[in-house]
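Asker:
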Amino acid sequence: MGKIKVVQYINQFYAGIGGEEKADYKPEVREEIIGPGMAFKAAFKDEAEIIATIICGDSYFNENLDSAKEKILQMVKKYNPDIFIAGPAFNAGRYGVACGTIAEAVQTEMKIPVLTGMYCENPGADMFRKSVYIVETKNSAAGMRAAVKKMAPLAMKLAKGEEIGSPSEEGYLSRGIRKNYFAADRGSKRAVDMLIKKLKGEEFITEFPMPDFDRVEPNPAVKDISKAKVALVTSGGIVPKGNPDRIESSSASKYGKYDILNYTDLTSETHETAHGGYDPTYANQDADRVLPVDIMREFEKEGKIGELHRYFYSTTGNGTSVANSKAYAAEFSKELKNDGVDAVILTST
Amino acid sequence: MVKEIERVGIPVVHICTVVPISLTVGANRIVPAIAIPHPLGNPSLTMEEEKVIRRTLLGKAIKALSTEVDGQTVFED
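Residue numbers (the working numbering), protein chains in the order written: chain A, 1 to 349; chain B, 1 to 77.
#1: Could you check whether the Cβ of Y95/A sits closer than 8 Å to any Cβ belonging to chain B?
#2: Please tell me whether N11/A has its Cβ less than 8 Å away from any Cβ of chain B.
#3: V6/A and I83/A: beta carbons closer than 8 Å?
#4: For D24/A and Y60/A, what's the separation of their Cα atoms in angstroms?
#5: Helix, strand or coil for A155/A? Go by DSSP, reduced to three states.
#6: Please state whether DSSP places Y255/A in a helix, a strand or coil.
#7: Measure the alpha-carbon distance for P37/B versus T17/B and round it to whole angstroms.
#8: Do P88/A and V29/A have their beta-carbon atoms positioned less than 8 Å apart in this structure?
#9: Taking 6 Å as the limit between beta carbons, can you name the residues of its chain near K227/A, skipping five residues before and five after?
#10: Is the Cβ-Cβ distance between H271/A and T316/A less than 8 Å?
#11: Taking the beta carbon of I196/A as the centre, do at least 16 other beta carbons fall within 10 Å, making it buried, or is it exposed?
#12: Find the residues of chain B that neighbour M127/A, judging by a C-beta separation of less than 7 Å, and give them in chain order.
#13: Using a C-beta to C-beta distance shorter than 7 Å, which residues of chain B count as neighbours of Y278/A?
#14: Tell me which residues of the segment 46-69 of chain B have at least one Cβ-Cβ distance to chain A shorter than 9 Å, keeping chain order.
#15: For F44/A, does the three-state DSSP call read helix, strand or coil?
#16: Report yes if the C-beta distance between G9/B and R215/A is below 8 Å; otherwise report no.
#17: My understanding is that V132/A touches E104/A, with C-beta atoms under 8 Å, so please give their C-beta distance in whole angstroms.
#18: Could you name the residues of chain A that I30/B contacts, counting a contact when the two beta carbons are closer than 7 Å?
#19: I'd like to know if the segment 97-113 of chain A and the segment 121-128 of chain A are in contact, where contact means that at least 3 CB-CB pairs between them fall below 8 Å.
#20: Let's test the definition: count the other Cβ atoms within 10 Å of the Cβ of S325/A and tell me whether it reaches 16, buried, or not, exposed.
#21: With a cut-off of 8 Å on the beta carbons, I'd call S235/A and S348/A a contact; round off their distance for me.
#22: Give the secondary structure of Q402/A by DSSP, where H, G and I count as helix, E and B as strand, and everything else as coil.
#23: Count the other CB atoms, across all protein chains shown, that sit within 10 Å of the CB of R178/A; report buried if there are 16 or more and exposed otherwise.
#24: Please check the pair F332/A and Y258/A, which I expect to be a contact at CB under 8 Å, by giving their CB distance rounded to whole angstroms.
#25: With distances taken Cα to Cα, identify the nearest neighbour of P36/A among T53/A, E21/A, K26/A and E20/A.
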């Protein structure tokens, strides 16, 4: 058997094309090894070879999910690889969704093994962990070396059709697949052993982690929206010009609450975005594009809504941990409730 | 954030571009937006034209908030 042929998918950032200003970069294929491919090449030694790298901007992919997927699929087909590797995407949300989407499509359409990597809180992880192998990585590119160390050997195993071990052995995110095996001890003994460890306060590993279905049932509709107090909330990082609370451009450690009582329109003079995860040009020109105060005021005047709540809440959603976002929102939601807000419009970038 | 708002008993609509993410996160009322860096605008149009599309999107959002839903619902139009 010759060298295993690999095609890799990366975004505009890892291709060295640019940051957010190039996030609308259209799919492109290059017959070379680029960016993270270098580390994979070193890890593959002579066993495998990256024959092509496909690059696509994160915003382009996510805004054109179907057409981008189809286009990239055609590119991969042309090279007929033995395995397709996407990313790793770490905690980059759009990149993770792109990696998962294209990996799943390649696996389904071409019937070849695929592999991607991302941080467990990446939205792409929950979307695709059941369908594709996703190696769990750290939350930033500082974890590249560790990611390649796990991804490269797993990719080789997948390409050769070897047996794949459990998620904890191989380092991928659990796919919810059960496998029978012969344990040394019977169930009752294992359960009692676990219980004793738990009583002693020692660490133990459950054999059946309970799934975490965190779903909230929809609330009843607003009876009469023309009388309702409506609040605006955003993860798009809109803040008063100058970002008075210094909300971080990513991995926000706080949220802001801002008074809009005297605003009928947000302008480049008054508001901007603190968000570092998308090209800020358009939001900085006119923040209504993310936080639509202008039209909400018109709705208020026209009687379409009762009133626009005096405050809006904002944070930057990129790289911000689920636990933090949850805590921020739990706190300000109570305030919204106490302030008599009847409905919320939440905008995300 | 959308779930925490819903949890305190306030109906909430999520306006966002990448609908699959919103579905994964668990939003119940979803209105698809224009683009990631400008969900409620389009810089290639004039300010007036932009306000028209923003008004349309927010009209959908208001409608979504006034509509009873049984589980996750995407309001396409």
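Even glycine gets a Cβ: it sits at the ideal position worked out from N, Cα and C.
Owing to the predicted nature of the structure, the values given are computational and were not obtained by experimental measurement.
Answerer: Taking the geometry as given:
#1: No, because no Cβ of chain B sits closer than 8 Å to the Cβ of Y95/A.
#2: So, not an interface residue.
#3: Contact check for V6/A against I83/A passes: the beta carbons are separated by less than 8 Å.
#4: Spanning the two alpha carbons is a distance of roughly 4 Å.
#5: Residue state, collapsed to three classes: helix.
#6: Reduced to three states, the DSSP call for Y255/A is coil.
#7: In a straight line, the C-alpha of P37/B is about 9 Å away from that of T17/B.
#8: No, they are not a contact pair.
#9: These residues qualify, in order along the chain: G306.
#10: It is not a contact, given that the beta carbons lie outside the stated cut-off.
#11: Under this definition I196/A is an exposed residue.
#12: Among the residues of chain B, those whose CB is under 7 Å from the CB of M127/A are P20 and T24, following chain order.
#13: Residues of chain B passing the Cβ test: I36 and P37.
#14: Hits within the stretch, in order: M47, E50, K51, R54, R55, L57, L58, G59, A61, I62, K63, A64, L65, S66, T67, E68 and V69.
#15: Reduced to three states, the DSSP call for F44/A is helix.
#16: Using a Cβ distance threshold of 8 Å, G9/B and R215/A do not count as a contacting pair.
#17: With 8 Å as the limit, V132/A and E104/A qualify as a contact, their Cβ atoms being about 5 Å apart.
#18: One finds nothing in chain A with a Cβ atom closer than 7 Å to the Cβ of I30/B; even the nearest lies about 10 Å away.
#19: Yes, the segment 97-113 of chain A is in contact with the segment 121-128 of chain A.
#20: Buried, because 16 or more other Cβ atoms sit within 10 Å of the Cβ of S325/A.
#21: Confirmed, Cβ separation roughly 5 Å.
#22: With chain A covering 1 to 349 only, the question about residue 402/A has no answer from this structure.
#23: By the neighbour-count rule (16 or more Cβ atoms within 10 Å), R178/A is not buried but exposed.
#24: The beta-carbon separation of F332/A and Y258/A, rounded to 12 Å, does not stay under the 8 Å limit for a contact.
#25: Comparing Cα positions, the closest option is T53/A.
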